[in-house]
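These notes are about the structure you will find just below.
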Amino acid sequence: MKKDNLITGYLFLAPWIVYFAVFLIYPFFLSFESSFLSVNILMPENTKFIGLTNWITVVTDFLFWKSLFNVVFNQVIFVSLSFVIGLGLALLLNEIKFLSSMFRTIMFIPVVTSITVAMIIFDFVSSPSGPIQNTMVGASLLSEPVFWKFEEWLPMPIIAVFSAWKWFGVQMIIFLGGIASIDKSLFEAADIDGASWWRKTKKITLPMIMPQIVFVMTMNIINGLQMFIEVFMNFDLNGGPYQSALTPVLYLYQTGFEQMKMGEASTIGLMLACVIYLLTMMQLKITSKED
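When you line the sequence shown up against full-length UniProt numbering, it's residues 1 to 291, in that order.
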């Protein structure tokens, strides 16, 4: 009986195992192999082994480090902003009972909106002639409209604000689920002791939802460092006039499909994977200490 159950379990797992092997493991090893080769997809017959040349080229490439700095700069703002908004709204909606479901649905609308549509709308409202800048100029918060796409330091913070608006709903729902799973007797005991709302949040809520916080922060880092669509829709493959919106994935795309240097593009992808792994491990170590 146990053997039959084991076979049945493996049969259910088989589609995922095949997907994992074909679309993740195999491409990874293919990419690793390509990083030591000179590969042009238009002339595969000219493929040749070049050793560590691609790795040396990428490590010493200013644009690679520029793209990495850009995306880390973006993520510092995005992760902080979306975390604060998501957690703040989760704590607020947990206290509000009247029309709570309606508010949660409204807050989640940006998440289910197509990112292409959302970016087109955001591009309009944030443009120099859009309502946001017109309002700020009218309120004397800006002396004149700003063409943020052509500035050196503004593109990544602006895109980070857009990303935070787009995805805070996911974090809000995850935090709400974590808060709902907390034993209510802990709050009742705190009420008896006369604890304030802030003290209950600090001493009970935040420590008890630490697994959700770790998950959210980790997924933000992993997904955020692979940002592509947001910058691809607003800038050319060079990442704007100052390369201020160039990201590693955009640079990978440019190298592989515009310059046809697939070996170098594979190396960029592997380097990005290493950076994501290191930053994720650092983040997990920091949060585990706090836990």
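Ideal placement from N, C-alpha and C gives every residue a C-beta, glycine not left out.
Residues bridged to residue i (per DSSP)
i   : result
K48 : S38
Three-way DSSP call (helix, strand, coil) for residue i in this model
i           : result
W16         : helix
D193        : coil
residue 296 : The first residue shown for the chain is 1 and the last is 291, placing residue 296 beyond what the model contains.
S31         : helix
A118        : helix
F187        : helix
E152        : coil
M227        : coil
V161        : helix
P128        : coil
A139        : coil
P211        : helix
M281        : helix
T113        : coil
F235        : coil
V146        : coil
I182        : coil
M172        : helix
M43         : coil
For residue j and residue i, believed in contact at Cβ under 8 Å, the rounded distance
i    : j    : result
G263 : N5   : Going by Cβ atoms, the distance from G263 to N5 rounds to 47 Å, so no, they are not a contact pair.
K48  : L30  : 17 Å between Cβ atoms; not a contact.
L89  : M172 : 5 Å
S35  : T247 : No, S35 and T247 are not in contact; Cβ-Cβ is about 20 Å, not under 8 Å.
I179 : I213 : That belief does not hold up - the Cβ atoms of I179 and I213 are roughly 11 Å apart, past 8 Å.
F187 : I204 : 7 Å
I276 : V58  : Wrong, their Cβ atoms sit about 15 Å apart, outside the cutoff.
F150 : P15  : With 8 Å as the limit, F150 and P15 do not qualify as a contact, their Cβ atoms being about 48 Å apart.
G177 : V79  : Actually they do not touch by this definition, with Cβ atoms about 20 Å apart.
S163 : E230 : 6 Å
L237 : Q226 : At roughly 16 Å, the Cβ-Cβ gap does not stay under 8 Å, so L237 and Q226 are not in contact.
T218 : T280 : 6 Å
P157 : I222 : About 21 Å separates the two Cβ atoms, so there is no contact after all.
M233 : M136 : Not really, about 23 Å apart at Cβ, beyond 8 Å.
I109 : F103 : Contact doesn't hold; Cβ gap of about 11 Å is too wide.
Member of the options whose CA lies at the smallest distance from the CA of residue i
i    : options                   : result
V216 : S185, L237 and S82        : S82
F147 : V125, F168 and W165       : V125
M107 : T116, M119 and L87        : L87
V161 : Q75, T218, F175 and P15   : Q75
S129 : E144, S181 and A139       : E144
L93  : K261, L142, L270 and G169 : G169
N70  : V117, Q243 and P211       : Q243
L252 : W65, L52 and I174         : W65
S266 : F32, N234, Y10 and V22    : F32
I41  : C274, Q259 and L278       : Q259
V72  : D193, E45, D183 and I159  : I159
C-beta neighbour in chain B for residue i, strict 9 Å
i    : result
V112 : The structure shown contains no chain B; it holds only a single protein chain.
Suppose only complete runs of 3+ residues qualify. What are the beta strand (DSSP E) ranges in the region 52 to 111, listed by chain order?
none
Which complete alpha helix (DSSP H) runs does the region 237 to 276 hold, if anything under 4 residues is left out?
248 to 253
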